[in-house]
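Chemist: Residue numbers (our numbering): 16 to 171. Beta carbons: idealized from backbone N, C-alpha and C, even for Gly. Keep in mind that this is a model prediction, so the values were computed, not measured. Let me give you the structure first, and then I'll get to my questions.
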Amino acid sequence: MTGEMTIENVINRSCINLHMKGRDKKEVIEEMAEMFDRAGVLVDKAGYIKAVYERESEGPTGIGDQVAIPHGKTAAVGKTAMAVGRLDKGIEWETLGEGTTRAFVMFAVNDKDTSELVSLLSQVAIALCDEKVIETLLNTESEAEIFTLFNRKGEQ
16 MTGEMTIENV INRSCINLHM KGRDKKEVIE EMAEMFDRAG VLVDKAGYIK
66 AVYERESEGP TGIGDQVAIP HGKTAAVGKT AMAVGRLDKG IEWETLGEGT
116 TRAFVMFAVN DKDTSELVSL LSQVAIALCD EKVIETLLNT ESEAEIFTLF
166 NRKGEQ
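This is the structure:
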(Lines of atoms letter the chains of each structure in order from A and count residues from 1; the text may use other names and numbers.)
(Lines give C-alpha, C1' and ligand atoms only; values in the text may rest on other atoms or scores of the structure.)
Protein backbone atom coordinates (compact mmCIF):
# COMPACT_ATOMS: atom_id res chain seq x y z
CA MET A 1 0.00 0.00 0.00
CA THR A 2 1.40 3.38 -0.89
CA GLY A 3 1.01 6.43 1.31
CA GLU A 4 -0.54 6.55 4.73
CA MET A 5 -4.03 5.15 5.08
CA THR A 6 -6.36 7.66 6.73
CA ILE A 7 -9.67 7.31 8.52
CA GLU A 8 -11.47 8.98 5.63
CA ASN A 9 -10.20 6.19 3.33
CA VAL A 10 -11.65 3.43 5.51
CA ILE A 11 -14.78 4.76 7.26
CA ASN A 12 -17.98 3.68 5.55
CA ARG A 13 -21.34 5.36 6.22
CA SER A 14 -23.08 1.99 6.03
CA CYS A 15 -20.85 0.79 8.89
CA ILE A 16 -22.17 3.26 11.46
CA ASN A 17 -24.92 2.14 13.85
CA LEU A 18 -25.80 4.29 16.86
CA HIS A 19 -28.48 1.89 18.12
CA MET A 20 -26.85 -1.52 18.24
CA LYS A 21 -28.75 -4.29 19.99
CA GLY A 22 -25.85 -6.33 21.43
CA ARG A 23 -26.19 -7.28 25.09
CA ASP A 24 -22.66 -8.57 25.58
CA LYS A 25 -19.22 -8.59 23.98
CA LYS A 26 -19.98 -11.57 21.72
CA GLU A 27 -23.15 -9.96 20.34
CA VAL A 28 -21.40 -6.61 19.77
CA ILE A 29 -18.54 -8.23 17.85
CA GLU A 30 -20.99 -10.24 15.73
CA GLU A 31 -23.22 -7.22 15.07
CA MET A 32 -20.29 -5.08 13.96
CA ALA A 33 -18.87 -7.92 11.83
CA GLU A 34 -22.28 -8.14 10.18
CA MET A 35 -22.05 -4.42 9.28
CA PHE A 36 -18.70 -5.09 7.59
CA ASP A 37 -20.12 -8.15 5.84
CA ARG A 38 -23.15 -6.27 4.48
CA ALA A 39 -20.81 -3.53 3.22
CA GLY A 40 -18.81 -6.11 1.24
CA VAL A 41 -15.65 -5.63 3.32
CA LEU A 42 -15.22 -9.26 4.41
CA VAL A 43 -14.44 -12.36 2.37
CA ASP A 44 -14.93 -14.63 5.39
CA LYS A 45 -17.02 -13.29 8.27
CA ALA A 46 -16.26 -16.22 10.59
CA GLY A 47 -12.53 -15.83 9.90
CA TYR A 48 -12.72 -12.13 10.72
CA ILE A 49 -14.60 -12.75 13.98
CA LYS A 50 -11.95 -15.33 14.93
CA ALA A 51 -9.21 -12.73 14.31
CA VAL A 52 -11.04 -10.20 16.53
CA TYR A 53 -11.25 -12.74 19.37
CA GLU A 54 -7.56 -13.60 18.93
CA ARG A 55 -6.71 -9.91 19.31
CA GLU A 56 -9.04 -9.57 22.30
CA SER A 57 -7.20 -12.44 24.01
CA GLU A 58 -3.93 -10.46 23.82
CA GLY A 59 -5.14 -7.61 26.05
CA PRO A 60 -7.86 -5.02 26.53
CA THR A 61 -9.14 -2.98 23.61
CA GLY A 62 -11.29 -0.84 25.89
CA ILE A 63 -9.58 2.52 26.32
CA GLY A 64 -11.83 3.98 29.03
CA ASP A 65 -14.42 6.76 28.71
CA GLN A 66 -16.94 4.06 27.64
CA VAL A 67 -15.03 3.46 24.37
CA ALA A 68 -13.34 0.36 22.92
CA ILE A 69 -11.35 -0.12 19.71
CA PRO A 70 -11.68 -3.82 18.83
CA HIS A 71 -10.00 -4.94 15.62
CA GLY A 72 -8.99 -7.92 13.58
CA LYS A 73 -6.19 -8.29 11.03
CA THR A 74 -6.64 -11.22 8.68
CA ALA A 75 -6.84 -12.38 5.06
CA ALA A 76 -10.59 -12.77 5.79
CA VAL A 77 -10.82 -9.00 5.19
CA GLY A 78 -11.02 -8.04 1.54
CA LYS A 79 -10.72 -4.28 2.06
CA THR A 80 -9.55 -2.52 5.21
CA ALA A 81 -12.46 -0.64 6.80
CA MET A 82 -13.69 1.07 9.97
CA ALA A 83 -17.07 0.79 11.68
CA VAL A 84 -18.58 2.77 14.54
CA GLY A 85 -21.23 1.34 16.81
CA ARG A 86 -22.95 2.42 19.99
CA LEU A 87 -25.21 0.81 22.54
CA ASP A 88 -27.89 2.59 24.55
CA LYS A 89 -26.62 0.84 27.68
CA GLY A 90 -23.01 -0.03 28.51
CA ILE A 91 -21.72 -3.61 28.69
CA GLU A 92 -18.78 -5.30 30.39
CA TRP A 93 -15.65 -5.07 28.23
CA GLU A 94 -12.02 -5.49 29.21
CA THR A 95 -10.74 -1.92 29.48
CA LEU A 96 -7.79 0.15 30.60
CA GLY A 97 -10.22 2.42 32.46
CA GLU A 98 -13.20 1.77 34.68
CA GLY A 99 -16.87 1.20 34.04
CA THR A 100 -18.81 -0.21 31.14
CA THR A 101 -18.39 0.35 27.41
CA ARG A 102 -21.02 1.80 25.06
CA ALA A 103 -19.14 2.99 21.97
CA PHE A 104 -17.00 0.93 19.62
CA VAL A 105 -14.66 1.97 16.83
CA MET A 106 -13.85 -1.29 15.08
CA PHE A 107 -11.35 -2.01 12.33
CA ALA A 108 -11.33 -4.83 9.80
CA VAL A 109 -7.79 -4.90 8.41
CA ASN A 110 -6.44 -6.99 5.56
CA ASP A 111 -3.34 -8.80 6.75
CA LYS A 112 -1.33 -7.12 3.97
CA ASP A 113 -2.04 -3.73 5.60
CA THR A 114 -0.18 -4.50 8.85
CA SER A 115 1.60 -1.15 9.12
CA GLU A 116 -1.62 0.67 8.28
CA LEU A 117 -3.35 -0.78 11.35
CA VAL A 118 -0.93 1.02 13.66
CA SER A 119 -1.50 4.28 11.78
CA LEU A 120 -5.31 3.95 11.90
CA LEU A 121 -5.33 3.05 15.61
CA SER A 122 -3.09 6.04 16.28
CA GLN A 123 -5.38 8.40 14.35
CA VAL A 124 -8.43 7.19 16.29
CA ALA A 125 -6.60 7.36 19.64
CA ILE A 126 -5.57 10.95 18.91
CA ALA A 127 -9.15 11.86 17.96
CA LEU A 128 -10.47 10.24 21.15
CA CYS A 129 -8.15 12.40 23.28
CA ASP A 130 -10.56 15.24 22.49
CA GLU A 131 -13.40 15.26 25.05
CA LYS A 132 -15.73 16.79 22.44
CA VAL A 133 -15.17 13.80 20.17
CA ILE A 134 -16.04 11.38 22.97
CA GLU A 135 -19.08 13.45 23.95
CA THR A 136 -20.31 13.43 20.34
CA LEU A 137 -19.59 9.72 19.96
CA LEU A 138 -21.60 8.92 23.10
CA ASN A 139 -24.51 11.32 22.52
CA THR A 140 -25.20 12.23 18.89
CA GLU A 141 -28.16 10.71 17.09
CA SER A 142 -26.66 11.58 13.70
CA GLU A 143 -24.68 8.95 11.82
CA ALA A 144 -23.63 11.71 9.39
CA GLU A 145 -22.15 13.63 12.33
CA ILE A 146 -20.08 10.58 13.34
CA PHE A 147 -18.86 10.21 9.74
CA THR A 148 -17.88 13.90 9.60
CA LEU A 149 -16.37 13.84 13.09
CA PHE A 150 -13.92 11.06 12.29
CA ASN A 151 -13.16 12.38 8.80
CA ARG A 152 -12.26 15.78 10.24
CA LYS A 153 -10.17 14.30 13.06
CA GLY A 154 -8.44 11.89 10.70
CA GLU A 155 -7.18 14.81 8.62
CA GLN A 156 -5.39 16.51 11.53
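Taking the alpha carbon of TYR15 as the point to measure from, which residue in VAL133, ILE44, ILE26 and GLU49 has its own alpha carbon closest?
Modeler: Since the displayed the chain opens at 16 and closes at 171, residue 15 lies outside it and no answer follows.
Chemist: Do GLY93 and LEU57 have their C-beta atoms closer together than 8 Å?
Modeler: For the purposes of this step, residue 93 is identified with residue 78 of the sequence shown, where counting begins at 1. For the purposes of this step, residue 57 is identified with residue 42 of the sequence shown, where counting begins at 1. Yes; because the gap between Cβ atoms is below 8 Å, this pair is in contact.
Chemist: Note down the Cα distance separating ILE161 from MET50, rounded to an integer number of angstroms.
Modeler: For the purposes of this step, residue 161 is identified with residue 146 of the sequence shown, where counting begins at 1. For the purposes of this step, residue 50 is identified with residue 35 of the sequence shown, where counting begins at 1. Between ILE161 and MET50, the C-alpha separation is close to 16 Å.
Chemist: Apply the 10 Å Cβ neighbour rule to CYS144 and answer buried if 16 or more other Cβ atoms are within range, or exposed otherwise.
Modeler: The residue given as residue 144 occupies position 129 in the sequence shown. By the neighbour-count rule (16 or more Cβ atoms within 10 Å), CYS144 is not buried but exposed.
Chemist: Rounded to the nearest angstrom, what separates ALA185 and ALA123 at their Cα positions?
Modeler: This structure cannot speak to residue 185, because the chain is shown only from 16 to 171.
Chemist: Find the nearest neighbour of GLU109 within the set SER134, ASP80 and GLY62, judged by alpha-carbon distance.
Modeler: By 1-based counting over the sequence shown, the position of residue 109 is 94. Selected option, being the one with the closest Cα: ASP80.
Chemist: Pull up the CB-CB distance for ASN154 and ILE26, whole angstroms please, since I reckon it's below 8 Å.
Modeler: As a first step, residue 154 is located in the sequence shown; it is residue number 139 there, counting from the start. As a first step, residue 26 is located in the sequence shown; it is residue number 11 there, counting from the start. So it is not a contact: roughly 19 Å between Cβ atoms.
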